[in-house]
Ligand code: DLL
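Numbering (the UniProt record's numbering), first residue to last: 1 to 446.
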């Protein structure tokens, strides 16, 4: 494997990843019909909604008419807590994972042995697309536990026959030592933790050239091109984006490959994607909207048209590529993280793109939606300088202007001293806070 652009790693499952799109569509349609049969057979909320739409058997539905079928959402998981959306018998569930639950309650999802097998398969494909082989050594710093990051990568790496170090998150000093001693070529963790590791190395004088890493699969939280450049420079690897969610399977729903042109190949033979607008109507390729997935093959907690809350756009495969899977853009934001500041819609990722493109600013920031005066919400952005001697007032002035140019609104920018912004050593980075009343959520924001 080389990390240069244009390298095409071999397909792990050519019959699936390289299928002719018409042939794949036939398989998807058959799988959709069997899914509908499974849902109807199990009863429950999804079956009731299908019957309300006049669907009595799988053969009543088609992919062309999928947009007419009912959707499910996180609220349905909460209403049916803990396992009301499960369709398999309890004894067929072999593990339960949980979503992080940053918004509202956490969600529990039961997986059958078959589901875990599908997961290992799609994760092996994702790793293979990044050039990972059985000779690779994977340092997996995603958390192990109910969070799907650690175990998802683990299942895929072992399926591929690579060596995986299940180091999990946290204990950074130990991680740095292991990265130097064991010389892994692959790093899997959140992008914010990749940054944290990179900065920790830099602070001890270790440069990217001294590290063995060649590629990283980073996901579980939104990140931008600007963040990618920071991570690649710090760790000397090719940083790829991996996407997934517990309700669908965990990591492996979609992943960039070395040759996917910056978009993520969707495992669409297992997870059928749609993009819908705010009114639930389907949107054309290239148009950003809410991602909706149908789990074509899952048997534990199968979902028909699950609204993810994630905003992205769909695209076809790279023309002429051996990989024929449809692709998705990086996630632009979540529908529930979109801020409306004085009538203007703002996704935190747009703020990240502006902030991180200023070379004087360290790749850490915090966005605060100041809602103390409900009639006039204010966007406050806190950053840190790379160099403590930089002119903070000039950075603040320039960022206010750059944010105004990009977003069309004026924001308050505060440059805080080094290490004042919270770092994510475990779990997902929290880069958006709301300030409703009382003292500022972080000193120096006023
Ligand atoms: O975050 C699964 C995962 C683990 C994905 C490791 C990638 C790597 P949940 O905890 O259920 O599952 O959170 C899912 O995280 O709906 C997105 O909002 C967000 N998310 C996941 N991957 C990305 C990504 C895992 N690459 C929620 N870019 C999803 C942006 C992401 N957001």
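Yeah, the Cβ is synthetic: ideal placement off N, Cα and C, and Gly gets one too.
- prompt: Exposed or buried, residue 48, counting other C-beta atoms within 10 Å across all chains shown (16 or more means buried)?
  reply: Counted from its first residue, the chain shown places residue 48 at position 48. It is exposed - the Cβ of residue 48 has fewer than 16 other Cβ atoms within 10 Å.
query: Between residue 288 and residue 352, what straight-line distance do the alpha-carbon atoms span, to the nearest angstrom?
result: Start at 1 with the first residue of the chain shown, and residue 288 comes out as number 288. Start at 1 with the first residue of the chain shown, and residue 352 comes out as number 352. Their Cα atoms are separated by approximately 18 Å.
message: Please classify residue 457 as buried or exposed, where buried requires at least 16 other C-beta atoms within 10 Å of its C-beta.
response: Absent from the model: residue 457. The displayed extent of the chain is 1 to 446, so no value can be given.
message: Quick check: is any heavy atom of the ligand GTP less than 8 Å from the C-beta of residue 428?
response: As far as ligands go, the structure on display features the ligand DLL and does not contain the ligand GTP.
- request: Within 10 angstroms of the Cβ of residue 345, are there 16 or more other Cβ atoms? Answer buried if so, exposed if not.
  value: Walking along the chain shown from the start, residue 345 turns up at place 345. Classification for residue 345: exposed.
field: Nearest neighbour of residue 8, chosen from 318, 80, 387 [CA to CA]
entry: Working through the chain shown from its first residue, we reach residue 8 at position 8. Here the closest residue by C-alpha is 318.
field: Three-state secondary structure assigned by DSSP to residue 4
entry: To locate residue 4, count along the chain shown from 1; it is residue 4. Confidence in residue 4 is poor, its pLDDT being 42 and thus under 50, which makes the residue's placement unreliable; the coordinate value appears in the next sentence. In the structure shown, residue 4 sits in coil (DSSP, three-state: anything other than H, G, I, E or B).
Whole runs of the beta strand (DSSP E) within the segment 171–239, excluding any shorter than 3 residues: 186–189, 215–219
task: Identify whether residue 377 lies in helix, strand or coil by the three-state DSSP scheme.
output: Within the chain shown, the letter at position 377 stands for residue 377. Of the three classes helix, strand and coil, the one that applies to residue 377 here is coil, per DSSP.
- prompt: If we ignore side chains and look at the alpha-carbon of each, how far apart do residue 316 and residue 285 end up?
  reply: The sequence position of residue 316 within the chain shown is 316, counting from 1. The sequence position of residue 285 within the chain shown is 285, counting from 1. When rounded, the distance between both Cα atoms is 8 Å.
- request: Throw me the rounded Cβ distance for the residue 115 and residue 299 pair, which I believe falls under 8 Å.
  value: Position 115 of the chain shown, counting from 1, holds the residue named residue 115. Position 299 of the chain shown, counting from 1, holds the residue named residue 299. With a Cβ gap of about 6 Å, residue 115 and residue 299 count as contacting.
field: Whole-angstrom distance between residue 242 and residue 331, CA atom to CA atom
entry: Here residue 331 refers to the residue found at position 331 when the chain shown is read from its first residue. Here residue 242 refers to the residue found at position 242 when the chain shown is read from its first residue. Rounded to the nearest angstrom, the two C-alpha atoms are 10 Å apart.
Extent of the continuous beta strand (DSSP E) to which residue 312 belongs: Numbered from its first residue, the chain shown carries residue 312 at position 312. Per DSSP, residue 312 belongs to the beta strand (DSSP E) from 306–312.
task: Check residue 25 in the structure and name its three-state DSSP category.
output: What you label residue 25 is simply residue 25 of the chain shown in a count that begins at 1. It is helical.
- prompt: Alpha carbon to alpha carbon, what distance is there between residue 230 and residue 132?
  reply: Translated into positions along the chain shown, residue 132 becomes position 132. Translated into positions along the chain shown, residue 230 becomes position 230. So the two alpha carbons sit approximately 22 Å from each other.
query: Do the segment 128–143 and the segment 199–210 make contact, defined as three or more Cβ pairs closer than 8 Å?
result: no
task: Indicate the three-state DSSP secondary structure (helix, strand or coil) for residue 397 in the structure shown.
output: What you label residue 397 is simply residue 397 of the chain shown in a count that begins at 1. Reduced to three states, the DSSP call for residue 397 is helix.
- request: Kindly indicate which residue of 348, 62, 143 has the alpha-carbon position closest to the one of residue 406.
  value: Reading the chain shown from its first residue, position 406 is the one you call residue 406. Taking only the C-alpha atoms, the option nearest residue 406 is 348.
message: Please report the straight-line C-alpha distance between residue 154 and residue 437, rounded to a whole angstrom.
response: Within the chain shown, residue 154 is the residue found at index 154, counting from 1. Within the chain shown, residue 437 is the residue found at index 437, counting from 1. When rounded, the distance between both Cα atoms is 43 Å.
message: Just list the residues that DSSP pairs residue 412 with in beta bridges.
response: Position 412 of the chain shown, counted from the first residue, corresponds to residue 412. Partner(s): 380.
query: Do you know whose CA, among 167, 369, 375, 416, lies nearest residue 387's CA?
result: Stepping through the chain shown from its first residue, residue 387 is reached at position 387. Nearest C-alpha to residue 387: 416.
- prompt: Would you report the Cα separation of residue 110 and residue 160, rounded to the nearest angstrom?
  reply: Numbered from its first residue, the chain shown carries residue 110 at position 110. Numbered from its first residue, the chain shown carries residue 160 at position 160. If I take the Cα positions, the gap works out to 24 Å.
message: Given 8 Å as the limit, tell me if residue 246 has its C-beta closer than that to any heavy atom belonging to the ligand DLL.
response: Taking the chain shown and counting its residues from 1, the one referred to as residue 246 is at position 246. Correct: residue 246 has its Cβ closer than 8 Å to the ligand DLL.
message: Does residue 318 come out as helix, strand or coil in the three-state DSSP assignment?
response: Taking the chain shown and counting its residues from 1, the one referred to as residue 318 is at position 318. Reduced to three states, the DSSP call for residue 318 is coil.
query: In whole angstroms, what separates the C-alpha of residue 36 from that of residue 430?
result: Here residue 36 is taken as the residue at index 36 of the chain shown, counted from 1. Here residue 430 is taken as the residue at index 430 of the chain shown, counted from 1. Roughly 38 Å between the two C-alpha positions.
message: Can you tell me which residues form a DSSP beta bridge with residue 327?
response: As a first step, residue 327 must be located in the chain shown, where it is residue number 327. Paired residue(s): 265, 315.
Alpha-carbon spacing of residue 244 relative to residue 186, whole angstroms: Locating residue 244 in the chain shown gives position 244, counting from the first residue. Locating residue 186 in the chain shown gives position 186, counting from the first residue. Between residue 244 and residue 186, the C-alpha separation is close to 19 Å.
message: Is residue 142 a contact residue of the ligand DLL, with contact defined as CB to any heavy atom under 8 Å?
response: Locating residue 142 in the chain shown gives position 142, where the first residue counts as 1. Yes, since a heavy atom of the ligand DLL falls inside the 8 Å radius drawn around the Cβ of residue 142.
- prompt: If we count the other Cβ atoms within 10 Å of its Cβ and call it buried at 16 or more, is residue 10 buried or exposed?
  reply: For the purposes of this step, residue 10 is identified with residue 10 of the chain shown, where counting begins at 1. Burial call: exposed.
- prompt: Any contact of the segment 215–227 with the segment 270–277, i.e. 3+ C-beta pairs under 8 Å?
  reply: no
Residue 62 classed as buried or exposed, judged by whether at least 16 other C-beta atoms fall within 10 angstroms: Counted from its first residue, the chain shown places residue 62 at position 62. Residue 62 is exposed by the Cβ-count criterion.
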